[in-house]
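What follows is a set of notes on a single structure, which appears directly below.
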Amino acid sequence: MKLIQKISHLSFVFLILFAPFSKFPSVGFSAQNYSSLRFGLYQFVAVVFVLCMVAQIKNLKTLVKQNKVILALIVLVLLNLFFATNKSRGLLMTLSFLLLLAVVVGAKEFISEKKNSFSFSKLFTNVSIFGIVYSLMALVQLAIGTISSSQNIALLCKGCSSEVFGFPRINLFAAEPLFFANALIPFLVISTYQYMHTKKRLHLLSMMLTSLAIGLTFARGAYVAIGASLIVLALILHRVRTIDLKTVFKGFALIGVSFFISWCLLIGSAVIKHRGAPYIAYNTARGMVDHLTLGVVSLPEKTLATQPEASTPGTSAVANTNEDTFVSQGLVEASQNERLGSAGLAFKAWKYNFKNIIFGVGLGNLGPFVVANVDPSAPKDLTVYIYYVLLVAEIGLIGLVLVLKLYWKAFKGLIKKLDEQSIICATILVGFLTQYFFFGSSINVIYIWLWLGIALGLGVNYKSVKQKQHNSVS
35 MKLIQKISHL
45 SFVFLILFAP
55 FSKFPSVGFS
65 AQNYSSLRFG
75 LYQFVAVVFV
85 LCMVAQIKNL
95 KTLVKQNKVI
105 LALIVLVLLN
115 LFFATNKSRG
125 LLMTLSFLLL
135 LAVVVGAKEF
145 ISEKKNSFSF
155 SKLFTNVSIF
165 GIVYSLMALV
175 QLAIGTISSS
185 QNIALLCKGC
195 SSEVFGFPRI
205 NLFAAEPLFF
215 ANALIPFLVI
225 STYQYMHTKK
235 RLHLLSMMLT
245 SLAIGLTFAR
255 GAYVAIGASL
265 IVLALILHRV
275 RTIDLKTVFK
285 GFALIGVSFF
295 ISWCLLIGSA
305 VIKHRGAPYI
315 AYNTARGMVD
325 HLTLGVVSLP
335 EKTLATQPEA
345 STPGTSAVAN
355 TNEDTFVSQG
365 LVEASQNERL
375 GSAGLAFKAW
385 KYNFKNIIFG
395 VGLGNLGPFV
405 VANVDPSAPK
415 DLTVYIYYVL
425 LVAEIGLIGL
435 VLVLKLYWKA
445 FKGLIKKLDE
455 QSIICATILV
465 GFLTQYFFFG
475 SSINVIYIWL
485 WLGIALGLGV
495 NYKSVKQKQH
505 NSVS
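Take the sequence shown: its position 86, counted from the start at 1, is 120 in the working numbering, and no numbers get skipped.
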């Protein structure tokens with residue numbers, strides 16, 4: 035039993051520290067058009083963690099009683115399999131979702147039983163160290179992506195090259211820049227709080243470098259999520275008055291400086307890659323502002339004035355060949371339209387009948403259902419970029435309410451305590467919930483559900499733990 039406890043402890047810490055590795059290294063499965071469905075090191079450790087926690091169950095009846103919402107979600111997704119348009123695809127996604135729920139329960143049980151003996155201070159120190167390492171790796175990827183003509187060498191994702199904005203967007207080991215930035219939210223929150231609380235240089239360096247790495251992803255959703263997290267952190271700290279507001283705003287100012295430096299690095303990358311393009315620095319900055327503000331702030335584009343010159347045809351051809359005509363796209367309207375279009379199709383599928391409104395079309399079956407009943411030209415692997423829309427479409431109103439109830443229960447427990455761990459965890463959850471408006475996936479995001487389980491475990495009071503132990507003995 036001691037070996038199992040040690041393995042569960044190590045795997046739990048691994049899942050926190052190696053969140054950016056949630057996709058790679060892994061092996062992909064092309065079954066049922068699920069190109070993003072992968073199983074790798076991170077998923078393997080998650081399974082090991084769950085199995086170790088299962089081996090330590092002392093009273094199954096008590097466990098089920100204390101996780102009724104999870105049980106209801108399990109029943110819902112299993113029932114939906116019987117009505118799925120594509121049962122094989124539904125089974126794959128259901129298994130993935132069940133693993134997420136198992137991680138929630140495992141993390142909750144781990145924290146609720148060991149939070150008095152678990153060294154959070156050591157964990158937070160390691161988080162700051164790993165945040166520095168990931169940030170330095172992000173800088174290396176930016177450098178390679180800038181000087182290399184091949185995005186494969188820099189391990190850049192398909193849409194991360196410099197063809198859109200003029201600079202490579204950093205994704206490190208994640209599927210997309212947004213996923214990498216999302217995985218770094220806990221690292222930034224923890225290092226920020228620890229710096230404000232201890233003033234140690236390690237946490238200061240981690241806070242600034244992690245902010246810089248998130249800035250290099252150029253992911254609007256991540257920026258909004260970070261902003262929401264920091265606002266909530268400031269409000270909580272103002273309420274508990276454990277850290278003075280001067281220190282809080284100093285930390286926020288340093289984060290702002292880090293983001294500004296990251297944007298300067300991106301502009302510098304564009305200047306190096308397209309050094310022959312006229313006004314490349316200005317036009318890149320103009321495109322960034324246009325993209326970040328959704329086109330609300332649109333600066334004029336600078337171009338060279340064309341003047342008629344008397345030249346031989348051969349000379350003109352050489353000049354045109356050497357000239358770099360790249361111009362940053364700014365707001366990518368095609369991407370915006372794709373996001374809105376996929377969400378619209380999801381809502382049509384959800385409103386198709388009463389059963390879908392209440393129970394959804396089934397996990398992994400949004401694409402097949404849309405193709406069969408709404409729009410035959412839609413892709414079978416239809417991607418919805420707003421997670422709340424994806425949830426309500428696939429598991430209905432009941433499923434969405436159950437998931438949100440888990441978060442509500444977690445916040446209730448955290449707010450009652452508001453100690454160091456609770457403040458950090460609440461801030462992290464706010465970041466995740468905010469970013470759910472910008473990407474939708476139940477794949478490669480095990481760490482999000484892990485933090486939900488941690489929050490639920492922190493919210494369990496000491497009396498409940500003692501009662502649970504008493505029931506297991508009796």
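Just so you know, even glycine gets a beta-carbon here, dropped at the ideal spot from N, CA and C.
Counterpart residues of residue i in DSSP-defined beta bridges
i    : result
R309 : According to DSSP, R309 bridges with nothing at all.
Close beta carbons around residue i, own chain, < 6 Å, minus the five adjacent residues each side
i    : result
Q39  : none
T232 : none
A315 : I301 and V305
L236 : S162
G465 : I219, A259 and S263
K36  : none
Q100 : none
K172 : First, the residue type needs correcting, since residue 172 is Ala and not Lys in the sequence shown. Taken in chain order, the residues that qualify are I204, L206, A247 and L250.
L243 : I166 and S169
Beta-carbon contacts of residue i that lie in its chain and below 7 Å, excluding the five residues immediately before and after
i    : result
F293 : S245 and G249
S350 : Bear in mind that the predicted position of S350 carries a pLDDT of just 48, short of 50, making it too unreliable to give a figure here.
T337 : P312
C86  : I38, I41, S42 and S45
A353 : Since pLDDT at A353 reaches only 44, below the 50 mark, its modelled position is unreliable, and no value is offered.
V323 : V331 and L333
L431 : I391 and I392
T180 : P202, S303, I306 and K307
L379 : V404, V408, D409, A412 and L416
P211 : C194, R203, I204, N205, T251, F252 and A253
Q175 : A188, L189, I204 and L206
V98  : L105
The alpha helix (DSSP H) enclosing residue i, as first and last residue numbers
i    : result
L492 : I480 to G493
G329 : Here G329 belongs to no alpha helix (DSSP H), and DSSP marks it neither H nor E.
F466 : E454 to Q469
Neighbourhood of residue i by C-beta, 8 Å cutoff - its chain only, sequence neighbours within 5 removed
i    : result
I187 : I178
Y481 : L49, I50, A53, S56, A217 and P220
L133 : Q77, A80, V81, V84 and I480
F286 : L264 and A268
S60  : R72, F73, G74, L75, Y76 and Q77
A383 : N390, V395, L400, F403, V404, N407, V408 and A427
K385 : I391
I449 : S456 and A460
Point to revise | Cβ pair count under 8 Å reaching 3, the region 110-125 against the region 383-398 | key: yes
Check your understanding: Unbroken alpha helix (DSSP H) runs of length 4 or more, entirely within the region 96-132: which are they?
Key -> 102-115
Exercise for review: Would you be able to state if there are at least three C-beta pairs under 8 Å between the region 246-257 and the region 203-219?
Suggested key: yes
Check your understanding: Mind pulling the alpha helix (DSSP H) runs of 4 or more residues that sit fully within the region 230-270?
Key -> Listed in chain order, the complete alpha helix (DSSP H) runs (minimum 4 residues) inside the region 230-270 are 235-251.
Check your understanding: Is the number of C-beta pairs between the region 75-88 and the region 157-177 that are closer than 8 Å three or more?
Key -> Between the region 75-88 and the region 157-177 there are fewer than three inter-stretch CB-CB distances shorter than 8 Å, so the stretches are not counted as touching.
Practice item. Report yes or no: do the region 42-52 and the region 192-203 share at least 3 C-beta pairs separated by less than 8 Å? Key: no
Exercise for review: Please list the segments of the alpha helix (DSSP H) lying wholly inside the region 43-92, counting only runs of 4 or more residues, in order along the chain.
Suggested key: 75-89
Exercise for review: Check whether the region 318-338 touches the region 227-247, counting contact only when three or more Cβ pairs, one atom from each stretch, lie closer than 8 Å.
Suggested key: no
Exercise for review: Could I get the ranges of all uninterrupted alpha helix (DSSP H) runs contained in the region 367-426, with 4 residues as the minimum, in chain order?
Suggested key: Runs of the alpha helix (DSSP H) inside the region 367-426: 367-384, 388-393 and 400-407.
Check your understanding: Any chance the region 459-476 sits against the region 419-426, with 3 or more Cβ pairs inside 8 Å?
Key -> yes
Review point. Is it true that the region 401-416 meets the region 439-452, where meeting means three or more beta-carbon pairs spaced less than 8 Å apart?
Key: no
Exercise for review: Could you tell me whether the region 395-405 touches the region 118-129, where touching means 3 or more Cβ pairs closer than 8 Å?
Suggested key: yes
Review point. Are the region 212-219 and the region 136-146 in contact at 8 Å, needing three or more beta carbon pairs?
Key: no
Check your understanding: Within the chosen definition, does the region 256-274 reach the region 87-104 through at least 3 CB pairs nearer than 8 Å?
Key -> Contact between the region 256-274 and the region 87-104 is absent, because fewer than three Cβ pairs lie under 8 Å.
**Study point:** Contact between the region 144-158 and the region 484-495 (3+ Cβ pairs under 8 Å)
**Key:** yes
Practice item. Report the residue ranges of all beta strand (DSSP E) runs contained in full by the region 140-205; include only those spanning at least 3 residues, in chain order. Key: none
Review point. With a cut-off of 8 Å, do at least 3 Cβ pairs link the region 456-471 to the region 270-289?
Key: Result yes; three or more Cβ-Cβ pairs closer than 8 Å.
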